[in-house]
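Input: a single structure, listed below in structure tokens.
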Amino acid sequence: MSRSLHTRIDAVRQRLREACDVAGRDSTQVTLIGVTKTHSASVAAAAFAAGISDLGENRVQELVDKQPEVPGARWHLIGQLQRNKVRDVVGRDVLVHSLDRVRLANALSARAVDTQVTQRVLVQVNVGDDPAKGGCSLDEVHDLVAYARDLPNLVVEGLMTMPPLPPAGTGPDATRPHFAALRQARDKVRQSFPEVQHLSMGMSADLEAAILEGATMVRIGTALLGPRGDGPWRKDER
Ligand SMILES: *Cc1c(COP(=O)(O)O)cnc(C)c1O
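FYI, in numbering that gives the first Met the number 0 the residues of the sequence shown are 0 to 237.
This is how it looks when you write it as structure tokens:
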């Protein structure tokens, strides 16, 4: 197990370096987030021990369960967030990648004020208008960022997207225009709000395309940790 974990991590780091070389970027500008969803806390701890210091979960309950088991890791909530779960997230020093509506911004800010912390967020954008994915539309990005950044104790550090699956028979290059669209949205909104820097985009299948388009965070599950099974954590699904 741990042998293959190290092999996988090396392979992903190699892909990341090669993509940065092609893009003419410094690989230290790209944070590798290991997505541990459905894997046990011990797998998350092993990944952290092997040098993956940033870990991502898409469900609040898995985050709550695993965070105490991996002291020192930086955590990311990458899945959709319900307002009734906000109280379980704020105060954990987690970067929320999935702010996509005004009411969620209000709830995050209110809780951050209550607990006297600053909550860092990325605005999630549904670049492909995919009904199966969360995120505001490209047209709404500016107004949502402008609204959220004016709320107390909330800081918008960037944008995130999860593009639609590429059509059958096409490769990850089919996804690249969606990454380009997120970068253009970031460049535009950053002219008004310079703190909006990050681009969270790229997964196991398409991290190269994302890095070519300027990703500063890639979210990698399968390529790092292998296929996701029906582990015990699955029972915590909403
Ligand atoms: C699961 C997940 C990932 C990782 O996907 P892989 O294809 O396994 O790398 C990235 N981002 C989000 C939002 C996810 O839910």
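Where a beta carbon is used, it is the ideal one built from N, C-alpha and C, also for glycine. Small disclaimer: the values here were computed from a predicted structure and weren't measured.
The beta carbons of R58 and K36 sit closer together than 9 Å.
R86 and R110 have their C-alpha atoms some 7 Å from each other.
Cβ-Cβ separation between R14 and E207: approximately 7 Å, consistent with a contact (criterion under 8 Å). A Cβ-Cβ separation of about 5 Å places D205 in contact with T174 under the 8 Å criterion. Looking only at A46, R227, V144, the smallest Cα-Cα distance to E68 is reached by A46. The Cβ-Cβ distance between I32 and G55 falls below 9 Å.
Relative to the non-hydrogen atoms of ligand 1, the Cβ of T114 never comes closer than 8 Å to any of them. In this structure, the C-beta of V34 approaches ligand 1 to less than 8 Å from one of its heavy atoms. Judged by beta-carbon spacing, P70 lies beyond the 9 Å limit of G127, meaning their Cβ atoms are not closer than that value.
Of the other Cβ atoms in all chains shown, 16 or more fall within 10 Å of the Cβ of A209; this residue is therefore buried. The beta carbon of T221 sits closer than 8 Å to at least one heavy atom of ligand 1. Using a Cβ distance threshold of 9 Å, V42 and L224 count as a contacting pair.
A residue is called buried once 16 or more other Cβ atoms fall within 10 Å of its Cβ, and S3, having fewer, is exposed. It is roughly 8 Å from the alpha-carbon of Q28 to the alpha-carbon of M216. In terms of Cα proximity to P165, the closest of E194, D129, S191, L103 is D129. Where D53 is concerned, the enclosing beta strand (DSSP E) starts and stops at 53-56. For S52, the CB contacts under 8 Å within the same chain, skipping 5 residues up- and downstream, are G71, A72, R73 in chain order. Within 8 Å of the C-beta of R227 there is at least one heavy atom belonging to ligand 1. For I219, the uninterrupted beta strand (DSSP E) segment begins and ends at 216-219.
Under the three-state reduction of DSSP output, V126 falls in the coil class, being neither helix nor strand. Taken atom to atom, the span from the alpha-carbon of L137 to that of S108 is near 23 Å. The continuous stretches of beta strand (DSSP E) do not include V85, which lies in the alpha helix (DSSP H) extending over residues 85-88. Under the DSSP assignment, I32 falls in the beta strand (DSSP E) whose first and last residues are 30-34.
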